[in-house]
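Inspection log for the structure reproduced underneath, given as C-alpha coordinates.
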(Lines of atoms letter the chains of each structure in order from A; the text may use other names.)
(Lines give C-alpha, C1' and ligand atoms only; values in the text may rest on other atoms or scores of the structure.)
Protein backbone atom coordinates (compact mmCIF):
# COMPACT_ATOMS: atom_id res chain seq x y z
CA UNK A 265 0.00 0.00 0.00
CA UNK A 266 2.77 2.45 0.90
CA UNK A 267 2.98 5.49 3.13
CA UNK A 268 0.98 8.67 2.71
CA UNK A 269 2.96 11.56 1.24
CA UNK A 270 1.78 15.16 1.51
CA UNK A 271 2.83 18.00 -0.79
CA UNK A 272 2.38 21.77 -0.68
CA UNK A 273 3.84 24.36 -3.05
CA UNK A 274 5.86 27.22 -1.57
CA UNK A 275 7.17 30.31 -3.41
CA UNK A 276 10.97 30.73 -2.98
CA UNK A 277 10.50 34.48 -3.50
CA UNK A 278 8.17 34.80 -0.48
CA UNK A 279 9.24 36.28 2.86
CA UNK A 280 7.89 33.10 4.48
CA UNK A 281 10.39 30.98 2.54
CA UNK A 282 13.27 33.31 3.44
CA UNK A 283 12.37 33.32 7.14
CA UNK A 284 12.05 29.53 7.23
CA UNK A 285 15.70 29.31 6.17
CA UNK A 286 16.95 31.45 9.06
CA UNK A 287 14.45 31.15 11.97
CA UNK A 288 14.50 27.74 13.65
CA UNK A 289 11.37 28.20 15.77
CA UNK A 290 9.33 29.24 12.74
CA UNK A 291 10.62 26.41 10.54
CA UNK A 292 10.06 23.85 13.32
CA UNK A 293 6.49 25.11 13.75
CA UNK A 294 5.79 24.69 10.03
CA UNK A 295 7.27 21.17 10.05
CA UNK A 296 5.13 20.24 13.07
CA UNK A 297 1.88 21.61 11.64
CA UNK A 298 2.41 20.45 8.05
CA UNK A 299 0.62 17.06 8.36
CA UNK A 300 -2.60 18.59 9.71
CA UNK A 301 -5.57 20.01 7.82
CA UNK A 302 -5.35 20.56 4.08
CA UNK A 303 -1.82 21.93 3.86
CA UNK A 304 0.10 24.48 5.90
CA UNK A 305 -1.65 27.44 4.27
CA UNK A 306 -5.03 26.18 5.51
CA UNK A 307 -3.97 24.97 8.95
CA UNK A 308 -5.70 27.79 10.83
CA UNK A 309 -8.97 27.06 8.99
CA UNK A 310 -9.54 23.80 10.83
CA UNK A 311 -11.60 23.64 14.05
CA UNK A 312 -10.22 26.26 16.52
CA UNK A 313 -10.32 23.81 19.42
CA UNK A 314 -8.29 21.30 17.42
CA UNK A 315 -5.86 24.05 16.39
CA UNK A 316 -5.27 24.96 20.04
CA UNK A 317 -4.74 21.32 21.04
CA UNK A 318 -2.22 20.77 18.26
CA UNK A 319 -0.33 23.99 19.05
CA UNK A 320 -0.18 23.17 22.77
CA UNK A 321 1.23 19.73 21.98
CA UNK A 322 3.82 21.15 19.55
CA UNK A 323 4.96 23.80 22.05
CA UNK A 324 5.25 21.23 24.84
CA UNK A 325 7.18 18.81 22.63
CA UNK A 326 9.64 21.51 21.49
CA UNK A 327 9.83 23.59 24.66
CA UNK A 328 13.60 24.02 24.33
CA UNK A 329 13.16 25.72 20.96
CA UNK A 330 10.11 27.84 21.74
CA UNK A 331 11.16 28.86 25.25
CA UNK A 332 8.55 30.84 27.15
CA UNK A 333 4.83 30.79 26.43
CA UNK A 334 5.11 34.43 25.38
CA UNK A 335 7.80 33.57 22.81
CA UNK A 336 5.75 30.63 21.51
CA UNK A 337 2.72 32.91 21.06
CA UNK A 338 4.92 35.38 19.17
CA UNK A 339 6.15 32.69 16.75
CA UNK A 340 2.59 31.46 16.16
CA UNK A 341 1.43 35.03 15.45
CA UNK A 342 4.35 35.49 13.05
CA UNK A 343 3.39 32.31 11.21
CA UNK A 344 -0.24 33.43 10.92
CA UNK A 345 0.97 36.73 9.49
CA UNK A 346 3.34 35.10 6.98
CA UNK A 347 0.73 32.58 5.80
CA UNK A 348 -1.80 35.36 5.26
CA UNK A 349 0.79 37.52 3.46
CA UNK A 350 1.85 34.64 1.20
CA UNK A 351 -1.76 33.79 0.30
CA UNK A 352 -2.38 37.42 -0.65
CA UNK A 353 0.82 37.71 -2.71
CA UNK A 354 0.52 34.31 -4.42
CA UNK A 355 -3.19 33.67 -5.14
CA UNK A 356 -4.24 30.04 -4.94
CA UNK A 357 -1.07 28.88 -3.14
CA UNK A 358 -3.26 27.28 -0.44
CA UNK A 359 -4.77 24.95 -3.05
CA UNK A 360 -1.53 23.90 -4.72
CA UNK A 361 -1.32 20.69 -2.71
CA UNK A 362 -1.43 16.95 -3.30
CA UNK A 363 -1.69 13.76 -1.26
CA UNK A 364 -0.59 10.26 -2.17
CA UNK A 365 -2.76 8.42 0.33
CA UNK A 366 -1.19 4.96 0.74
CA UNK A 367 -0.55 4.93 -3.01
CA UNK A 368 3.09 6.05 -3.12
CA UNK A 369 4.60 2.59 -3.68
CA UNK A 370 2.24 1.63 -6.51
CA UNK A 371 2.53 5.04 -8.17
CA UNK A 372 6.31 5.01 -7.83
CA UNK A 373 6.58 1.54 -9.38
CA UNK A 374 4.28 2.35 -12.30
CA UNK A 375 6.06 5.63 -13.00
CA UNK A 376 9.49 3.97 -12.88
CA UNK A 377 8.31 1.29 -15.31
CA UNK A 378 6.96 3.95 -17.67
CA UNK A 379 10.23 5.92 -17.58
CA UNK A 380 12.23 2.74 -18.20
CA UNK A 381 9.96 1.98 -21.14
CA UNK A 382 10.86 5.42 -22.48
CA UNK A 383 14.58 4.64 -21.96
CA UNK A 384 15.02 7.29 -19.26
CA UNK A 385 18.31 6.75 -17.42
CA UNK A 386 18.25 6.38 -13.60
CA UNK A 387 14.45 6.07 -13.61
CA UNK A 388 14.20 4.75 -10.03
CA UNK A 389 16.41 7.54 -8.69
CA UNK A 390 14.43 10.21 -10.54
CA UNK A 391 11.10 8.89 -9.26
CA UNK A 392 12.43 8.74 -5.69
CA UNK A 393 13.44 12.41 -5.88
CA UNK A 394 10.17 13.44 -7.51
CA UNK A 395 8.30 11.71 -4.69
CA UNK A 396 10.39 12.68 -1.66
CA UNK A 397 12.45 15.69 -2.76
CA UNK A 398 16.07 16.43 -3.59
CA UNK A 399 16.67 18.77 -0.63
CA UNK A 400 15.36 19.47 2.87
CA UNK A 401 13.81 22.57 4.39
CA UNK A 402 16.23 24.78 6.37
CA UNK A 403 19.17 22.32 6.28
CA UNK A 404 21.37 24.61 8.40
CA UNK A 405 18.74 24.71 11.18
CA UNK A 406 17.06 21.30 11.18
CA UNK A 407 18.41 17.77 10.84
CA UNK A 408 17.15 15.66 7.95
CA UNK A 409 15.09 13.58 10.40
CA UNK A 410 13.20 16.56 11.88
CA UNK A 411 12.77 18.54 8.65
CA UNK A 412 10.51 18.37 5.60
CA UNK A 413 11.59 17.24 2.17
CA UNK A 414 11.93 19.99 -0.43
CA UNK A 415 11.57 19.65 -4.18
CA UNK A 416 13.78 22.35 -5.69
CA UNK A 417 12.52 24.44 -8.59
CA UNK A 418 15.01 22.69 -10.89
CA UNK A 419 13.45 19.35 -9.99
CA UNK A 420 9.92 20.76 -10.20
CA UNK A 421 10.71 21.89 -13.73
CA UNK A 422 12.24 18.52 -14.65
CA UNK A 423 9.27 16.70 -13.14
CA UNK A 424 6.78 18.86 -15.02
CA UNK A 425 8.58 18.04 -18.29
CA UNK A 426 8.27 14.34 -17.50
CA UNK A 427 4.63 14.54 -16.40
CA UNK A 428 3.55 16.47 -19.51
CA UNK A 429 4.41 13.37 -21.55
CA UNK A 430 2.46 10.94 -19.35
CA UNK A 431 -1.28 10.36 -19.53
CA UNK A 432 -2.67 9.42 -16.08
CA UNK A 433 -5.54 7.44 -17.64
CA UNK A 434 -3.13 5.27 -19.61
CA UNK A 435 -0.89 4.64 -16.59
CA UNK A 436 -3.72 3.84 -14.15
CA UNK A 437 -6.63 2.78 -16.36
CA UNK A 438 -7.98 0.26 -13.84
CA UNK A 439 -6.93 1.80 -10.53
CA UNK A 440 -9.13 4.73 -9.55
CA UNK A 441 -7.39 5.64 -6.29
CA UNK A 442 -3.94 5.68 -7.88
CA UNK A 443 -5.30 7.54 -10.91
CA UNK A 444 -6.81 10.32 -8.79
CA UNK A 445 -3.76 10.69 -6.55
CA UNK A 446 -1.36 10.63 -9.50
CA UNK A 447 -3.40 13.20 -11.43
CA UNK A 448 -3.42 15.64 -8.48
CA UNK A 449 0.31 15.09 -7.93
CA UNK A 450 1.03 15.60 -11.62
CA UNK A 451 -1.11 18.76 -11.72
CA UNK A 452 0.73 20.16 -8.70
CA UNK A 453 4.05 19.78 -10.52
CA UNK A 454 2.66 21.46 -13.64
CA UNK A 455 1.22 24.40 -11.66
CA UNK A 456 4.30 24.82 -9.48
CA UNK A 457 6.56 24.83 -12.55
CA UNK A 458 4.35 27.42 -14.23
CA UNK A 459 4.53 29.68 -11.16
CA UNK A 460 8.24 29.14 -10.35
CA UNK A 461 7.47 27.47 -7.02
CA UNK A 462 9.13 24.73 -5.03
CA UNK A 463 7.27 21.96 -3.18
CA UNK A 464 7.41 20.89 0.47
CA UNK A 465 7.05 17.17 1.23
CA UNK A 466 6.10 15.22 4.36
CA UNK A 467 5.73 11.48 4.88
CA UNK A 468 2.92 10.50 7.24
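In the numbering used here, the protein residues as written are 265 to 468. We put the CB at the ideal spot given by N, CA and C, even for glycine.
So if DSSP puts residue 465 in a beta bridge, which residue, or which two residues, is it bridged to?
271 and 413
For the alpha helix (DSSP H) that contains residue 329, what are its first and last residues?
Where residue 329 is concerned, the enclosing alpha helix (DSSP H) stretches over 327-330.
Hey, residue 279 and residue 346 are a contact pair by Cβ (cut 8 Å); roughly how many whole angstroms apart?
With 8 Å as the limit, residue 279 and residue 346 qualify as a contact, their Cβ atoms being about 6 Å apart.
Cα separation between residue 378 and residue 355?
34 Å
Can you give the beta carbon distance from residue 270 to residue 298, rounded, assuming they're within the 8 Å contact cut?
7 Å
Under the three-state reduction of DSSP, which class applies to residue 400: helix, strand or coil?
In this structure, residue 400 counts as strand in the three-state DSSP scheme.
So, residue 303 versus residue 310, is the Cβ gap smaller than 7 Å?
No, the pair does not count as a contact, with Cβ atoms beyond the cut-off.
Would you call the CB atoms of residue 322 and residue 412 closer than 7 Å?
Taking C-beta atoms as the reference points, residue 322 and residue 412 fail to come closer than 7 Å.
How many Å lie between residue 368 and residue 353 at the Cα?
Here the alpha carbons of residue 353 and residue 368 stand approximately 32 Å from one another.
Could you tell me the distance, in whole angstroms, from the CA atom of residue 420 to the CA atom of residue 440?
25 Å
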